[in-house]
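Before any comments, here is the structure.
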Amino acid sequence: MPKVYGQAERRAYREAEINMMDDLSEADFQKEEEPASPAPPPLQQHTDPASPTVAVTPEPVARGDQAMSSEMEYQDGRGFSIGELVFGKLRGFSWWPGRIVSWWMSGRSRAADGTRWVMWFGDGKFSVVCVEKLMPLSSFSSAFHQPTYNKQSMYRKAIFEALQVASVRAGRPVPACDASDDAEAVDIQTRQMIEWAMTGFLPNGPQSLDPPEEGYTEMWAEPEAAYTPPPAKKPRKNSAEKAKIREVIDEGTRERLIQEIKKKTRNIEDIGRVG
Numbered sequence: 001m002p003k004v005y006g007q008a009e010r011r012a013y014r015e016a017e018i019n020m021m022d023d024l025s026e027a028d029f030q031k032e033e034e035p036a037s038p039a040p041p042p043l044q045q046h047t048d049p050a051s052p053t054v055a056v057t058p059e060p061v062a063r064g065d066q067a068m069s070s071e072m073e074y075q076d077g078r079g080f081s082i083g084e085l086v087f088g089k090l091r092g093f094s095w096w097p098g099r100i101v102s103w104w105m106s107g108r109s110r111a112a113d114g115t116r117w118v119m120w121f122g123d124g125k126f127s128v129v130c131v132e133k134l135m136p137l138s139s140f141s142s143a144f145h146q147p148t149y150n151k152q153s154m155y156r157k158a159i160f161e162a163l164q165v166a167s168v169r170a171g172r173p174v175p176a177c178d179a180s181d182d183a184e185a186v187d188i189q190t191r192q193m194i195e196w197a198m199t200g201f202l203p204n205g206p207q208s209l210d211p212p213e214e215g216y217t218e219m220w221a222e223p224e225a226a227y228t229p230p231p232a233k234k235p236r237k238n239s240a241e242k243a244k245i246r247e248v249i250d251e252g253t254r255e256r257l258i259q260e261i262k263k264k265t266r267n268i269e270d271i272g273r274v275g
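The sequence shown: position 65 = 65 (full-length UniProt numbering), numbered continuously.
Structure follows, in structure tokens:
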């Protein structure tokens with residue numbers, strides 16, 4: 001026989017049922033109001049050291065994040081810390097001067113262990129370079145390539161900027177020059193700084209090129225003199241070109257005289273008196 005509930009039992013059962021429904025409704029409400037948990041950050045892609053250089057403007061990053069990321073960066077024990085002046089080797093280029101920077105400056109992902117982000121002097125582009133393809137700027141006499149310096153204006157600009165920063169760090173004033181031509185003055189200053197670098201950055205030596213001890217979070221803080229490239233020289237015209245120009249001028253004069261005769265503004269007898 002089915003169980004017969006008394007009035008008190010039916011009331012208790014009904015209250016329990018109502019309480020259970022209220023609990024379920026409250027749980028559903030909380031679930032709808034609970035913000036979605038943030039998606040896990042994507043895994044950082046290791047940048048291929050053979051990838052081409054990138055020229056990007058880094059996104060602004062909060063100073064606290066910059067300091068934290070810099071402290072955790074390049075901890076593989078391979079040297080070449082942030083701010084260090086270096087020469088780097090990319091395929092198809094001579095050893096090129098640059099500066100080790102944090103990944104956030106490049107606007108890209110972190111570099112893999114055994115690689116470093118380098119900002120190149122001259123064009124300001126960024127590359128990931130294997131530590132095996134890096135050497136300190138103090139190895140200037142081994143890395144500097146005179147033929148490239150003679151031929152490429154961008155390389156000359158890069159050398160000037162790198163040695164300008166090195167001079168500031170070493171407390172060595174850039175030599176003054178009395179030349180009136182800006183391009184000539186830069187050329188003289190650069191040659192003097194190259195001689196200083198070739199002889200070992202004396203008197204303080206290579207250790208004077210180290211980044212400032214108080215930290216190096218503001219990578220753009222170091223002053224760098226503006227480089228004035230020498231003006232392009234106008235090619236001289238050889239004798240054959242001069243003769244060709246003279247021929248064109250003579251041909252133009254002859255054509256003009258013919259037109260004047262046709263228009264009867266000049267007589268043929270006058271042509272002999274031209275010039």
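From the three backbone atoms N, C-alpha and C, an ideal C-beta is built for every residue, glycine too.
Note that the structure is a prediction, hence the values are computed from the model and not measured.
- Here P206 carries a helix assignment [DSSP, helix/strand/coil].
- Per the Cβ contact rule, the stretch 109-120 is not in contact with the stretch 135-146 (fewer than 3 Cβ pairs under 8 Å).
- A direct Cα-to-Cα measurement between V131 and E184 gives close to 36 Å.
- Looking at the DSSP output, W117 sits in a beta bridge with V101, V128.
- Pairing F201 with A162 gives a Cβ-Cβ distance that is not under 9 Å.
- Q189 and V174 have their C-alpha atoms spaced approximately 7 Å apart.
- The residues S208, L209, in chain order, have a CB closer than 7 Å to that of R169 in the same chain once the five nearest residues on each side in sequence are set aside.
- The C-beta distance from A143 to W95 rounds to 4 Å, short enough to fall under 8 Å.
- The closest CA to that of Q192, considering only P211, G171, F160, P203, is found on F160.
- Rounded to whole angstroms, S127 and D76 show a C-alpha spacing of 19 Å.
- Listed as beta-bridge partners of L85 by DSSP are R99.
- The Cβ atoms of G171 and N204 sit closer than 9 Å to each other.
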